[in-house]
Structures are given as structure tokens and as C-alpha cells.
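Peer 1: In our numbering, the protein residues as written are 6 to 245.
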């Protein structure tokens, strides 16, 4: 079995470095010791080295990732604004960033998703599982989540791997976007790599305790899902 000694600490440290680099006034303990672009590249290279032997692939992936970090920040700031706009209890965007577990979980998902897409799936999973352990919010890095996404309260939220979420969507605590059932091969093993989780349209609100299941379940634009609902069939879009 391959050794992964130090990997968990490295991933935790890299997540902290990303937050400090992008939002030093919020997450840095010492503004005189700033995280640099070079730091981010070197830290990621050391993590990817656990999974890839070709040094040129590691170098190219780390540079590509860090070169795109400002685009990730833009998405995160749209999520922050959605949190501020969507919660009357939020007095400022700073409060959302300092206090809201949904901000932490969604931001780490934003960090992880590009690595998942590029094939470093275990790294991405470990990042979002760290967020899960810190916040109680379980977002698979393979999910596709649009702009201005907000999770209020958040505890117990589950978003499965093949979920697709549009823009301007708000979830409350204990929402599950999951699989309805698992297809099996002739030998009884589970079929992998198929669509198992729902699609959520734009401008959707899903209240606390709702469960939406199935890869062929589509929730249309502008729909409001009541709390504690159990949904396994599609719902057509609504007028605004």
C-alpha cells in the first residue's frame, strides 16, 4: 500500500493558504507574512506528488491552478454577496465570511472542483471532506454549482457527485440532493460513472429538511421547495 503520510496535514495547510492568499484581511494571522503565488504553486506541487510521478504534469497543473485562482475568488465573492442579500440576519459581507459555515464549505468546494475536473479526484475529495468535518456540510467536488450559491445555517446539507445546480440557488439546513437508487451490474457490483443526483434550476429555494433524489429528477427555474419535502419526480419551472 502506498504511503500518504503527511497528506492530510498538507491539504489542510493548503486550504488555509488559499484563504489567506485570497482574503488576507479575514484569514491571515500576520499580514507581514503573506502567502505568495509561489507558495501556492509549491504547496500544490507537493500534494500532487502523492498521485502523479511526472514532474512536468505536476508543474503544469499547479501553475494552471494558481493562474486561475482569481476566477475562483470572483465566484466566491458572488457567493458571499448571495449570503448577505439572502439572509436578513447578515449585517455585512464580512460577517458572512467570518461567521457562516456555508461560506467555508462552498468556498472549499470552489477550491476543489477544478482539481476534480482535472483528474486529481482524491485531492479534491479530501478538500471537501475537510470542509465536511469542519461545517457538517457535505458537498462532493464533482457537483456542478452555478454562480451566487448560498447555504443558510447549513448543518446536514448533502450534495451528491452528479448534482447540477444553476445560478442564484439557496439551500437551508438538512437538505439532501441525493441518489434515488443504485443500478447494479450482473455480478451485483454497483454501476459507477452514471448520473445519480438531481438537477436544480436557476433561482430555486430549497427549505430545511427537503430531500430531492434521482438522476432524472429536474427542478425547474424559480421553484420553491417546501421544508421536509420528499421529491423523486421533476417539477416544471415557475414564472417569476
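Think of the CB as a built atom: it goes at the ideal place given N, C-alpha and C, for glycine as much as any other residue. As the structure is a computational prediction, the values presented were derived from the model and not from experiment.
Residue 177 and residue 231 - do their beta-carbons sit closer together than 7 Å?
Peer 2: no
Peer 1: Whose C-alpha, out of 197, 202, 163, is nearest the C-alpha of residue 238?
Peer 2: The candidate whose alpha carbon is nearest that of residue 238 is 202.
Peer 1: With a cut-off of 8 Å on the beta carbons, I'd call residue 109 and residue 136 a contact; round off their distance for me.
Peer 2: 6 Å
Peer 1: With a 10 Å radius around its C-beta and 16 neighbouring C-beta atoms as the bar for buried, classify residue 199 as buried or exposed.
Peer 2: exposed
Peer 1: Would you call the CB atoms of residue 89 and residue 98 closer than 7 Å?
Peer 2: yes
Peer 1: Please state whether DSSP places residue 168 in a helix, a strand or coil.
Peer 2: Of the three classes helix, strand and coil, the one that applies to residue 168 here is coil, per DSSP.
Peer 1: Under DSSP, the alpha helix (DSSP H) around residue 107 begins and ends at which residues?
Peer 2: 106-122
Peer 1: Between residue 195 and the rest of its own chain, which residues show a CB-CB distance below 8 Å, the 5 nearest in sequence each way excluded?
Peer 2: So the qualifying residues of the chain are 187, 188, 189.
Peer 1: Taking buried to mean at least 16 other C-beta atoms within 10 Å of its own C-beta, is residue 132 buried or exposed?
Peer 2: Around the Cβ of residue 132, a 10 Å sphere holds 16 or more other Cβ atoms; the residue is buried.
Peer 1: According to DSSP, which residues form a beta bridge with residue 229?
Peer 2: Residue 229 has 210 as its beta-bridge partners, per DSSP.
Peer 1: Residues in its own chain within less than 7 Å of residue 85 by CB, not counting five upstream and five downstream?
Peer 2: Closer than 7 Å at the Cβ level, and outside the excluded window around residue 85, lie 98, 101, 102, 108.
Peer 1: Quick check on the DSSP output: the beta strand (DSSP E) that includes residue 140 runs from which residue to which?
Peer 2: Residue range 126-140 is occupied by the alpha helix (DSSP H) that includes residue 140, with no beta strand (DSSP E) assigned at that position.
Peer 1: Determine, using beta-carbon pairs with one atom in the segment 17-26 and one in the segment 110-117, whether at least three such pairs fall under 8 Å.
Peer 2: Between the segment 17-26 and the segment 110-117 there are three or more inter-stretch CB-CB distances shorter than 8 Å, so the stretches are counted as touching.
Peer 1: With 16 other CB atoms within 10 Å as the buried threshold, where does residue 36 fall?
Peer 2: exposed
Peer 1: Using DSSP with H/G/I as helix, E/B as strand and the rest coil, what is residue 71?
Peer 2: helix
Peer 1: In whole angstroms, give me the CA-to-CA distance for residue 48 and residue 16.
Peer 2: 9 Å
Peer 1: Compute the distance between the beta-carbons of residue 4 and residue 170, then report whether it is under 7 Å.
Peer 2: Residue 4 lies beyond the range of the chain shown here (6 to 245); nothing can be said about it.
Peer 1: What does DSSP give as the partner residue(s) for residue 216 in the beta ladder?
Peer 2: 181, 235
Peer 1: Using DSSP bridges, identify the partner residues of residue 224.
Peer 2: 205, 240
Peer 1: Any idea if residue 60 is buried or exposed, counting beta-carbon neighbours within 10 angstroms, 16 or more meaning buried?
Peer 2: Note on residue 60: under 16 other CB atoms within 10 angstroms of its CB, so exposed under the neighbour-count rule.
Peer 1: Within this structure, are the beta carbons of residue 174 and residue 209 separated by less than 7 Å?
Peer 2: yes
Peer 1: With H, G and I counted as helix, E and B as strand and the rest as coil, what does DSSP make of residue 195?
Peer 2: For residue 195, the secondary structure class from DSSP, reduced to helix, strand or coil, is strand.
Peer 1: Check residue 157 in the structure and name its three-state DSSP category.
Peer 2: coil
Peer 1: Tell whether a beta-carbon distance below 7 Å holds between residue 50 and residue 68.
Peer 2: no
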